[in-house]
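Novice: Mapping of the sequence shown onto the working numbering: position 112 corresponds to residue 131, and the numbering continues sequentially without gaps. Glycine included, each C-beta is placed from N, C-alpha and C at the ideal position. Treat the numbers as computed from the prediction; the structure is a model and nothing was measured.
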Amino acid sequence: MSGRRPFAAVLAANTVSIAGSSLTLIGVPWFVLQTTGSARRAGIVAFCATLPVVVAALAGGPVIDRIGRRRVSAVSDLVCAVAVGAIPLLHYAGLLEFWMLCALMAVGGLVHTPGLTARYVLLPSLAEHAGTTVTRAASLYDAVSRGARMLGAAVAGVMIAAFGAETVLLLDAATFAVSALLVTAFLRGIPAAEPQRASGTVSLAGYRAELAEGWAFLTRSRLLMGITLMVMMTNGLDQGWSSVLLPVHGREALGGATALGLLVSLFGGFALLGALLYGAWGERFPRRAVFAAAFLASGSTRYVVAALTDTTLPLAVTMALAGLGAGMLNPILTTLMYEKVPEELRSRVSGVTTAGCELTMPLGGLAAGLLVDGFGTARALLLFGGAYLLTTLAPVVFPAWRELAPSAGGPAEPAATLSRREASPPGSVPAARPRHPSAK
Numbered sequence: 020m021s022g023r024r025p026f027a028a029v030l031a032a033n034t035v036s037i038a039g040s041s042l043t044l045i046g047v048p049w050f051v052l053q054t055t056g057s058a059r060r061a062g063i064v065a066f067c068a069t070l071p072v073v074v075a076a077l078a079g080g081p082v083i084d085r086i087g088r089r090r091v092s093a094v095s096d097l098v099c100a101v102a103v104g105a106i107p108l109l110h111y112a113g114l115l116e117f118w119m120l121c122a123l124m125a126v127g128g129l130v131h132t133p134g135l136t137a138r139y140v141l142l143p144s145l146a147e148h149a150g151t152t153v154t155r156a157a158s159l160y161d162a163v164s165r166g167a168r169m170l171g172a173a174v175a176g177v178m179i180a181a182f183g184a185e186t187v188l189l190l191d192a193a194t195f196a197v198s199a200l201l202v203t204a205f206l207r208g209i210p211a212a213e214p215q216r217a218s219g220t221v222s223l224a225g226y227r228a229e230l231a232e233g234w235a236f237l238t239r240s241r242l243l244m245g246i247t248l249m250v251m252m253t254n255g256l257d258q259g260w261s262s263v264l265l266p267v268h269g270r271e272a273l274g275g276a277t278a279l280g281l282l283v284s285l286f287g288g289f290a291l292l293g294a295l296l297y298g299a300w301g302e303r304f305p306r307r308a309v310f311a312a313a314f315l316a317s318g319s320t321r322y323v324v325a326a327l328t329d330t331t332l333p334l335a336v337t338m339a340l341a342g343l344g345a346g347m348l349n350p351i352l353t354t355l356m357y358e359k360v361p362e363e364l365r366s367r368v369s370g371v372t373t374a375g376c377e378l379t380m381p382l383g384g385l386a387a388g389l390l391v392d393g394f395g396t397a398r399a400l401l402l403f404g405g406a407y408l409l410t411t412l413a414p415v416v417f418p419a420w421r422e423l424a425p426s427a428g429g430p431a432e433p434a435a436t437l438s439r440r441e442a443s444p445p446g447s448v449p450a451a452r453p454r455h456p457s458a459k
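(1) Do you know whose CA, among Leu-282, Val-29, Leu-123 and Ile-209, lies nearest Gly-87's CA?
(2) Whole-angstrom Cβ separation of Ala-68 and Ala-162, contact assumed at under 8 Å?
(3) Can you say whether Arg-207 is buried or exposed, counting buried as having 16 or more other CB atoms within 10 angstroms of its CB?
(4) Going by alpha carbons, who is nearest to Leu-30 out of Leu-129, Ala-156, Arg-60 and Gly-104?
(5) Please report the residue range of the alpha helix (DSSP H) in which Glu-147 lies.
(6) For Gly-127, is the classification buried or exposed, using 16 other Cβ atoms within 10 angstroms of its Cβ as the cut-off for buried?
(7) Measure the Cβ-Cβ separation of Ala-288 and Leu-279 and say whether it is below 7 Å.
(8) Start and end of the alpha helix (DSSP H) containing Leu-242?
(9) Give me the residue from Ala-228, Leu-159 and Thr-411 with the minimum Cα distance to Asp-257.
(10) Quick one, are the C-beta atoms of Phe-50 and Ala-184 less than 7 Å apart?
(11) How about Ala-46 and Ala-199: are their beta carbons less than 7 Å apart?
(12) According to DSSP, is Thr-186 helix, strand or coil?
(13) Helix or strand or just coil, what does DSSP make of Arg-207?
(14) Out of Val-415, Val-74 and Gly-56, state which residue places its alpha-carbon closest to the alpha-carbon of Ile-246.
(15) Using three-state DSSP, classify Gly-428 as helix, strand or coil.
(16) Would you check if the stretch 337-351 and the stretch 296-309 touch, i.e. whether three or more CB-CB distances between them fall below 8 Å?
(17) Pick helix, strand or coil for Ala-458, following the three-state DSSP scheme.
(18) Name the residue from Gly-255, Val-309 and Ala-181 whose alpha carbon lies nearest to the alpha carbon of Gly-375.
(19) Between the Cα of Leu-135 and the Cα atoms of Met-356, Leu-327, Thr-373 and Val-360, which residue gives the shortest distance?
Okay, structure coming up:
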């Protein structure tokens, strides 16, 4: 299959899947708070949902290549559909125990990341088929994802208020099924989407060697390690924000799920605008300056404003400005990865960097729940905001970040020019892939 249809199908699959996941992003914390009234339990559910994500991201790269990116994406979405759909069905039947909720969220977390990674590493091949540049494809990919989150959050807030969190989770299960169908139907015949032949026999030792190859590529660059460590910290803080702090603040001070959906939608909508703006004009400016400014704008301000106000409007304005900055982050790092990491290593490097970036996410939700129960919502927000500010100063403070990009207008080196040997020496710069606020 050639032309734009495969790329359009992946965009559509991601749109449907991520819109549905935005329903879960709001629906699950609200469901836990509604049924248990405990911020600590909401944190425990977030811990159970994100701990398997780290394991899957770390070990999944070689598996994705061997099984095939199309198959991994489709199976991942189908399993997620079953796991998410089982929660409201068991609740309606009066059979849902708290440990079952934790287990089902863990299953979803385990299989969801390989599916996202499988679609993500296909972008260069799909961009070539569609006759566009990787930078534009990456910006469009992220913009569509941000728009889907905006739509999903708005729908979630309204549906929770009107029908309850259980209905929202059923709708999310349906979106996963639609995503699996799109990928299965429209990615046939794309060589990069099919199983990749291994250079040797399939064995545990060979698997470990492939995994180690991705890890070695990661550790050879100070910049890459800096990106991974920075995003690792901010992702943990963002997980606490999205799974505990914002839902609790919305429930206590903002009037309910509708306001919560509005805030997340504003963030997603302006993140969409930020991604589109970067795709159109971002290459004219130095990447380091844009990256540092965007991360500072999208970080600690949300926590501080939420801690100091109990009305929706100030936080809504802050979320909009934060989203604008956040939308510029993923296109920068996605483009950098495709420029520097050879195609045959992308699944492995992406898996390792994603695992590193997500390492603190299980602790973020758990810590937020414990801090809210122990010290109150406002103090927990301020503590998280202070930690976020210190973390996002890294691109300004540390010299290694000068390697992020050449000066404005400098030509990018295409990934196709890098052989495995050329990508290996110290100083090579594959990019980490962040999961920024609401960036599943």
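Specialist: On the basis of the data shown:
(1) Ile-209
(2) That belief does not hold up - the Cβ atoms of Ala-68 and Ala-162 are roughly 26 Å apart, past 8 Å.
(3) exposed
(4) Ala-156
(5) 142-149
(6) buried
(7) A small fix is needed here, since residue 288 is Gly in this sequence, not Ala. Contact flag unset, no.
(8) 241-259
(9) Thr-411
(10) yes
(11) Checking the sequence shown, residue 46 turns out to be Gly, not Ala. Cβ distance not < 7 Å, so Gly-46 and Ala-199 don't count as in contact.
(12) helix
(13) coil
(14) Val-415
(15) In this predicted model, Gly-428 has a pLDDT of only 41, less than 50, meaning its place in the structure is not dependable enough to derive any value.
(16) yes
(17) Reliability of the predicted coordinates at Ala-458 is poor, the pLDDT of 36 falling under 50, and the value obtained from them is presented with this limitation in mind. Correct three-state label for Ala-458: coil.
(18) Gly-255
(19) Thr-373
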